[in-house]
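If you're matching positions, the sequence shown starts at 1 in UniProt numbering and goes up one per residue.
This report refers to the structure that appears directly beneath it.
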Amino acid sequence: MKAKDVKQMFTDLGLTQTFSRPRTPNDNPFIESFFSSLKRAPVYPGRFSHLNEGVVMDFFGEYFRWYNTEHYHSRIGYVTPEQMHQDLAAGIIAERKRVLGKQQKLRKMYWSANQTTGSGL
């Protein structure tokens, strides 16, 4: 898409095109992070066959559904925003810790029982 095409699209939609302000490094990272997440989403088509409103709205509807209901977020303990808003996160994280603790004990028992003696490898 060319700059002139974008400018015309914004004009057609009644939008004002804005740019990051010079010497303000805190403006850009948030939108860069959003686009990075957007492009790594499994629903991202790579290229749109048409740029009509219906196609774009369908894509973003599916993207935000996926982002909020299926995508695990590291900042909230690898649960989905939906799980966090439904107050399920604490239970999910506690269950993970319980399973992890159990597996760590089993691993420790395995290695304790299967230790080899001697100095050679």
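Positions of the beta carbon are idealized from the N, C-alpha and C atoms, including for glycine.
Check whether residue i and residue j have beta carbons under 8 Å apart
{"i": "Asp-12", "j": "Arg-21", "result": "no"}
{"i": "Thr-92", "j": "Gln-86", "result": "Residue identity differs from the one stated: residue 92 is Ile in this sequence, not Thr. For Ile-92 and Gln-86, no; Cβs fall outside 8 Å."}
{"i": "Tyr-63", "j": "Val-43", "result": "yes"}
Helix, strand or coil at residue i [DSSP, three-state]
{"i": "Asn-79", "result": "The amino acid at residue 79 is misidentified as Asn; the sequence shows Val. Of the three classes helix, strand and coil, the one that applies to Val-79 here is strand, per DSSP."}
{"i": "His-50", "result": "coil"}
{"i": "His-85", "result": "helix"}
Neighbourhood of residue i by C-beta, 7 Å cutoff - its chain only, sequence neighbours within 5 removed
{"i": "Gly-77", "result": "Ala-89, Ile-93"}
Cβ-based burial, residue i [other Cβ within 10 Å; buried from 16]
{"i": "Thr-80", "result": "buried"}
Contacts around residue i, its chain only, beta-carbon distance under 8 Å, and the 5 residues preceding and following it disregarded
{"i": "Gln-17", "result": "Val-6, Lys-7, Phe-10"}
{"i": "Val-56", "result": "Phe-48"}
Supposed contact pair residue j and residue i - C-beta distance, whole angstroms, cut 8 Å
{"i": "Phe-35", "j": "Pro-45", "result": "Actually they are not in contact, since the Cβ atoms of Phe-35 and Pro-45 sit about 14 Å apart, beyond 8 Å."}
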